[in-house]
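Asker: For the sequence shown, this note's numbering gives the first residue as 46, with consecutive numbering after it.
The beta carbon of each residue, even a glycine, is placed where N, CA and C say it ideally should be.
Take this structure, written in C-alpha cells, and hold onto it; I'll ask about it next.
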Amino acid sequence: MRKAVFPGSFDPITLGHTDIIERALPLFDEIILAIGTNSNKNYMFSLEERLRFLRETFKNEPKITVTTYQGLTVDFCKEQNAGFLLRGLRNAQDLEFEKAIGQTNYKMSGIDTLFFITSSGKSHISSTVVRDVIRNNGNYEFMVPDVVRKAP
Ligand code: ADP
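This is how it looks when you write it as C-alpha cells:
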C-alpha cells in the first residue's frame, strides 16, 4: 500500500494545498493530511477548525485521512508506515527552505519527499496572505475551499 504524509499547519487550507493534494492522489493509495501540533506559532484558526476544514474539504475522497501529530514528522511517517512526504513549491524561496528539510528528513529516516510545483495561477496563494486579507476584512474566498470561513 502506497502511503504519503502531507504535513502542514493548514492555517487555513488554501486552493494551493488542494491543488497539490489532488495532483498527488493518483500516485498513492492513501494520503494522510497531518497537522503538526508542536510548534509555538500563533494560529488564526484553532486546531479544531483547521481539522474540520480539512475533513469537510475531502469528505468525498476515501483515499484521504486527516489527523494531528506531535514530534518529528519522520517519526510520524514511520508510525503510519508512510514511505513518502509531500510538499509544494511556489518559488525559489520555498525550494531553498524545503531542500534543507527534505535532505535532513531523508538522512534521518530514508523517507523521501516528493515535491509538486504549484499549478500556474496558484503560486500567489498562501495561508499567510489569506490571513492578512481576513484581518483587513478583504475578499479571501477565492483563495480557499468553500468550507473555509472566518466567523465574523
Ligand atoms: P507549513 O507551516 O509547514 O509551511 P503550510 O500549511 O503553510 O505548512 O504549507 C504546507 C505545504 O503546502 C508546503 O509545502 C507549502 O509549500 C505548500 N503550499 C502552500 N501553498 C501552496 C501553493 N499555493 N502552491 C503550492 N504549494 C503550496
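Give me, in chain order, the residues of the same chain whose beta-carbon lies closer than 8 Å to that of R100; leave out the 5 immediate sequence neighbours on both sides.
Answerer: Within the same chain, R100 has close Cβ partners V111.
Asker: Report the three-state DSSP secondary structure of G147 (helix, strand or coil).
Answerer: Note: G147 maps to helix in three-state DSSP.
Asker: Less than 8 Å between the C-beta atoms of I65 and F161, yes or no?
Answerer: Against a cut-off of 8 Å, the Cβ pair of F161 and I65 comes out as a contact.
Asker: Considering only C-alpha positions, which residue in the set G61, K108, E94 and G128 is nearest to A196?
Answerer: Selected option, being the one with the closest Cα: E94.
Asker: Pairs of beta-carbons, one from the region 53-72 and one from the region 81-93, closer than 8 Å: are there three or more?
Answerer: The answer is yes - the region 81-93 touches the region 53-72, with three or more Cβ pairs under 8 Å.
Asker: Keeping to the same chain, check which residues put their C-beta closer than 6 Å to that of V178; ignore five residues upstream and five downstream.
Answerer: Taken in chain order, the residues that qualify are Y185.
Asker: When DSSP builds the beta bridges, which residues end up paired with D139?
Answerer: For D139, which the question treats as bridged, DSSP gives no partner whatsoever.
Asker: Relative to the alpha-carbon of G133, which residue among F51, N83 and R47 has its alpha-carbon at the smallest distance?
Answerer: It is F51.
Asker: Could you check if L134 belongs to the surroundings of the ligand ADP, using beta carbon to heavy atom distance under 7 Å?
Answerer: Indeed, a heavy atom of the ligand ADP lies less than 7 Å from the Cβ.
Asker: Quick check: the region 150-169 against the region 115-125, are there 3 or more CB pairs under 8 Å?
Answerer: Counting Cβ pairs under 8 Å, three or more are found: they touch.
Asker: Please classify L131 as buried or exposed, where buried requires at least 16 neighbouring CB atoms within 10 angstroms.
Answerer: When all chains shown are included, L131 counts as buried.
Asker: Measure from the alpha carbon of L96 to the alpha carbon of each residue in E106, N83 and L78, then state which is nearest.
Answerer: Selected option, being the one with the closest Cα: L78.
Asker: Check this for me: beta carbons of F187 and D157, under 8 Å apart or not?
Answerer: No, they are not a contact pair.
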